[in-house]
Every structure is written in C-alpha cells, then in structure tokens.
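Protein sequence lines, in the order shown, are assigned to chains L and S.
FYI, in this note's numbering the residues of the first sequence are 1 to 259.
FYI, in this note's numbering the residues of the second sequence are 1 to 317.
Heads up: the structure comes next, in structure tokens.
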Amino acid sequence: MKIVVLVKHVPDAAGDRSFSGDTTTDRAAVDGRLSELDEYAVEQALQVVEKAGDGEITFLTMGPEAASEALRKALSMGGDAGVHVVDDALHGSDAIATSLVLAAAVRRLEPDVVICGMASTDGTMSVVPAMIAERLGLTGLTLASSLAIEGNTVTIRRDSDEASTTITGSLPALVSVTDQTGEARYPSFKGIMAAKKKPVETLTLADLGIDPSQVGLGAAWSAVDNIAKRPPRQAGTIVTDEGDGGVKLADFLAAGKFI
Amino acid sequence: MAEVLVIVDHVDGAVRKTTTELLTIARRLGEPAAVFFGAGVDAATETLGNYGATKIYVVDDAEIGQYLVAPKVDALVTIAQQASPAAILVTSTSEGKEIAARAAVRLDSGLITDAVDVDASGVATQSVFAASYVISSKVTHGTPIITVKPNAAAPEAAPTTPAVEKVAVSYGATSTTAQIVEVAPRAKSGRPELTEAAIVVSGGRGVGGPEGFSVVEALADSLNAAVGASRAATDAGWYPHAFQVGQTGKTVSPQLYMANGISGAIQHRAGMQTSKTIVAVNKDAEAPIFELADFGVVGDLFQIVPQLTEEVGKRKG
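Below you can see the structure in the form of structure tokens.
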C-alpha cells in the first residue's frame, strides 16, 4: 500500500504570530514546526502500515525552504521519503491554489490513500483535504476519529454533535483525521538519526506542470483589505476567595444583568 | 436583485438559529434563497420564510443521506449554475466548510471561511491566530462562497412566503463513493447548543474528574447555559469531546464565558477569547486565564461554584 501524508510547516501556535506587510503569514517572526494536527495524520499512517505489515509512506509538503523541517520531523517519526514542493511563485497562495499544487504532486505519487490532519494550526480553514479529494476524485473520508483499512476498503468513524457516523469507501481514498485518533508518538533517537538519511525530493511548479500565474498572492481569489491586532482585554478584577467568592461572583453577574 | 444562496442547517426540518442568522446576512447582499437538503422542508418553510427566504430549493434524493457531503455539492453546484447567485453562505460547521471547499473548486470561486460578519459589500470579517487578529477580506473571483460562524448576526425577521422548488440533480460517480453505513445519534443534554448559547460554563483540569463536572453542570443549569470543557478534561475522558472548547474543538463567542479550573493555554484561548465577558475561577493565581478575565476568583472551585449556583437560585427567586 502506498500512503501519502500531507504535512505543513506552520508558525508555532504558542508564539506571538503576526502578518507580513503583504498580508501573508509572517513565517520569520515565530519558530516554525510541523503542524501539531498533522502529527495525528503521521501517526495514523504509521499505524496503518504497522497493522498491514507492509506499505510505503511518503510525506508531502508545500512551502518555503524551512518547510523541509516539517518533513524531517515526520520522517523522524517513521515513514520512507519526503517530497517538498518549493517555488518562490507559491508565496501567498490561497487554499484553492494550494490544493491545485498538492493535488498535482499527489497525482504524481499515485498513492492508494492520502492522509491529512483535520486543519492546519495557522490558517485553520480545514478545506484543503476536501479540495484535494474533489480535484482527484478520491473517496473523501474526512474528519475521522478512527480509521481502519481492510483490503480495498477504508472505514472511518466521524463524531459530530448529533451522531457518531460510520462511513466506508474504496481506495483510492483521502482521509483526514482529528486529534481523537490518538496521541502521536515521539521520535526516537534512532528515528531522528535515520530521518537524516531518508530521501527528500524537491519539486518546482515546472516539475508539476503548473503555470506560476495560477498560484501565489496575485492569483488568490480573495484579498485581505485590513488587518488589525485585537486590542488586549482590559485588565479585570481578580479577588482571592475568603469564603464569599461565589457571592462576589454573583454580584458581578448581577451587575452585568446575567442573573 | 440576484439571489444569495443559504444552505439550511436543520435537523429533520427544525431550522437551526445559525440559518436565520445567515438569512439575515444574506438580505444585505441580495435576495435570500434557501437550499434545503434532505427531508422535512414542510416543517422548515415557515421559519425560512419568516427570515426572508423568497425561494427554497429542495433536494431530497436518497443520495443526500446515503453518502458523505459530495452529493450535496453536486446539488449546490447545480443550483448555483441555474441561479447565478451573488454569493453562497454556509454555516461554519465541519460539513458546511467541506461543502464550501468542494463547491469553490467546482465553481472556480474564491472562498472565505469562519467569517464573524459579512457587510453589504461582501467584505467578511475573520478572527485569526487564536483570535489575536481581526482581518477583513473579500472574494475577488467567481461566486463568493463564505462560511459564517454562529452568532455573526442577530436574526431579524422579514416575513415573506417562499416559493418551494424541487431541484433535479444528477450525481457524479465520484460523489457516491463515501457511503454512510451507520448513524448512532447522540443523547441530547437538553442544554443550549454550545456554539449558540448566550452563556457557556466550562470546566477544565481543576475539575479533577468526571464526577467533578456535576458542579459545573449545576451552575450551567442555574443560568440556562451550555456546558463546555477544556482539552485537558476531554482528553482525560471526563467530559465528551463534542463539548471541547478550543482550537481542536468548538469556538464560542457567548455574552458570558465562565472558565472553572481552566488554566487558559493558547489551545483553549483560541476557542473562547472573543467572548463578551469572561469570568474565571482557578486555585492558581498565576493561571493565564486571569489575564483574559473581566472578573476572577482565586480559590477552590468546589467551594466557589456551588456557592454561586446557590446565589443564582436565590436571586432568580
């Protein structure tokens, strides 16, 4: 079985993230890392191969030079190879263009299954997996809280507020997984050393046959016209409970007409 | 005036409040037309008309319920090609975002997700980077497709009598591949919907275990509030994941948010810091949640919260 896992290098959500002058995410201001939500996808891919007893995992990312760090992190957890789509023309691409590029790269790898995280932790749109399934006509099994592959059939459980739903479909498929699939493993020292020797292929837009005019900030189908930092919340009143904390809270709620 | 398509979020024809918010926003942009998937349109017609839907497109084919998402995209695209709408508005649920994503690819259209407001010129406001920035943006290509978060507008009635039109859709081979084989409905809590509630009362690690949530629930019930939980509490299995507030759970923006035993890590703040008023109870005076709180009490939540619940009961009489 051939598995492609999509991974993204994002500014650490714990840092003070901000925008560059051209309205794109500032990738220099905060240290980058493999998107936490993609670690669950890496973990599920590794488990699928472990259960099946064989399989080949390729991690695919799109992003500037530093995005290769996300591939190395994923490769230190396991898997076989990485593919990095890097091209200056990609800067500022929207989700539509991102899905176009990633779909072209996936098509080239001809996987049986594509596994993605539920969303990136920077853009948080949660739309790229669905767009890639749409573009490639893959069976789209999204937001899985559990995943099982038996022969040619993929079965997921998807938990929503109303119901827990079981969904099944045939390969080739795209599965996106939530953080409910289970904690991702930590890379071992051996894994970190092994990752340095795993092959990472670099692809440009030309390699994928995509015209640069289709991607990047200039080709985005939505435009940002204003960015404002949310003003910090006004400092509130903090009291220490002296046996009447609940009453004081009630006074505050009553003053705000919540009671 | 061009139509603005609004996908109806409903349970067996019971229209969600979020859809009435979307219809209200749609009236700023054009003439609202509802898109109704599945059974129950008769039960929904009055509400949709009451909030200004002049037309209801109905697609109730078996495929809609048998397969995940993609048949709804086939249907939406069919309607959009026929109606040439000024915009398509979808509730920012996981399914709504997926429909929007696929439709954007098929309709060669720009997409904006998680808008907290949309003005008459189609400019959408979003809250990004764990709500530390507010950005406004506009779709510049194709039919603007915008997913809108709950509470983006106060629903305003504009009664009309909608024309109901059944739409014939032909489903693509790749749209009927993800088959729904079992649906196990969840038990209803009887409390307000987490993302729609005016008041949310949440519990976190400080609640100490599943039984500790009873004090959180009692306070929530005294205030007719929804119950939420931090990731620490849902990961520990103390409260169901569906109630998680935060980056990997729900984003809420209620009038009042009460954080009990929640430290306020970025993961949680991403889901609640746009709340109008924030109240926190935590035994650790250094907990970052107090930086956000309009009112905070440092102390034992098992003393403070029950006392508050009792006070609320007394004052409500």
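For glycine and all other residues, C-beta sits at the position ideal for the given N, C-alpha and C.
Asked                                                                                                                                                                                        : Found
Enumerate in chain order the residues of its own chain whose CB-to-CB distance from alanine 70 of chain S is below 6 Å, with the five nearest sequence positions on each side excluded.      : Ser175
On the CB-based measure, 16 or more other CB atoms within 10 Å of its CB, does asparagine 152 of chain L come out buried or exposed?                                                         : exposed
Whose Cβ in chain S lies nearer than 7 Å to the Cβ of glycine 137 of chain L?                                                                                                                : Thr174
Using a Cβ-Cβ distance cut-off of 8 Å, determine whether glutamate 98 of chain S contacts chain L.                                                                                           : yes
Taking the alpha carbon of alanine 254 of chain L as the point to measure from, which residue in S/Ala33, S/Leu223, S/Ala124 and S/Ala280 has its own alpha carbon closest?                  : S/Leu223
Runs of 3 residues minimum, wholly inside the stretch 218-296 of chain S: which ones carry the beta strand (DSSP E) assignment?                                                              : 226-229, 256-260 and 277-282
Considering only residues of the same chain and omitting the five flanking positions on each side of leucine 203 of chain L, which have a CB-CB separation below 6 Å?                        : Val85
With distances taken between CB atoms, is the gap from glycine 261 of chain S to arginine 205 of chain S smaller than 8 Å?                                                                   : yes
Could you tell me the alpha carbon to alpha carbon distance between leucine 75 of chain L and tyrosine 40 of chain L, rounded to whole angstroms?                                            : 14 Å
If we ignore side chains and look at the alpha-carbon of each, how far apart do isoleucine 180 of chain S and glycine 209 of chain L end up?                                                 : 36 Å
Only counting runs of 4 or more residues, tell me where the alpha helix (DSSP H) segments fall wholly within the stretch 158-201 of chain L, in order along the chain.                       : 189-195
Just the Cα atoms here: how many angstroms apart are alanine 270 of chain S and methionine 118 of chain L?                                                                                   : 16 Å
How big is the Cα-Cα spacing for valine 239 of chain L and leucine 292 of chain S?                                                                                                           : 14 Å
With 8 Å set as the bound, which would you pick, yes or no: does the beta-carbon of arginine 28 of chain S sit closer than that to a beta-carbon of chain L?                                 : no
Determine which residues share a DSSP beta bridge with proline 185 of chain S and list them.                                                                                                 : L/Ala163
Rounding to the nearest angstrom, what Cα-Cα distance links histidine 268 of chain S and arginine 16 of chain S in this structure?                                                           : 26 Å
Is there a C-beta anywhere in chain S that falls below 8 Å from the one on lysine 196 of chain L?                                                                                            : no
Leaving aside the five residues before and after lysine 97 of chain S along the sequence, list all residues of the same chain whose C-beta is less than 7 Å from its C-beta, in chain order. : Thr113 and Thr147
If you compare alpha carbons, which of S/Glu63, S/Ala62, S/Thr47 and S/Ile64 is closest to isoleucine 56 of chain S?                                                                         : S/Thr47
Whole angstroms are fine: how far does the CA of histidine 10 of chain S sit from the CA of isoleucine 344 of chain L?                                                                       : Since the first residue of chain L shown is 1 and the last is 259, residue 344 of chain L is not available in this structure.
Starting from valine 123 of chain S, find everything on chain L with Cβ-Cβ shorter than 8 Å and list it in chain order.                                                                      : Asp225
Counting only runs that start and end within the stretch 205-242 of chain L, where is the alpha helix (DSSP H) found for 4 or more residues in a row?                                        : 205-208
Going by CA-CA distance only, name the one from S/Gly246, S/Leu29 and S/Gly203 that's closest to valine 227 of chain S.                                                                      : S/Gly203
Taking buried to mean at least 16 other C-beta atoms within 10 Å of its own C-beta, is phenylalanine 189 of chain L buried or exposed?                                                       : exposed
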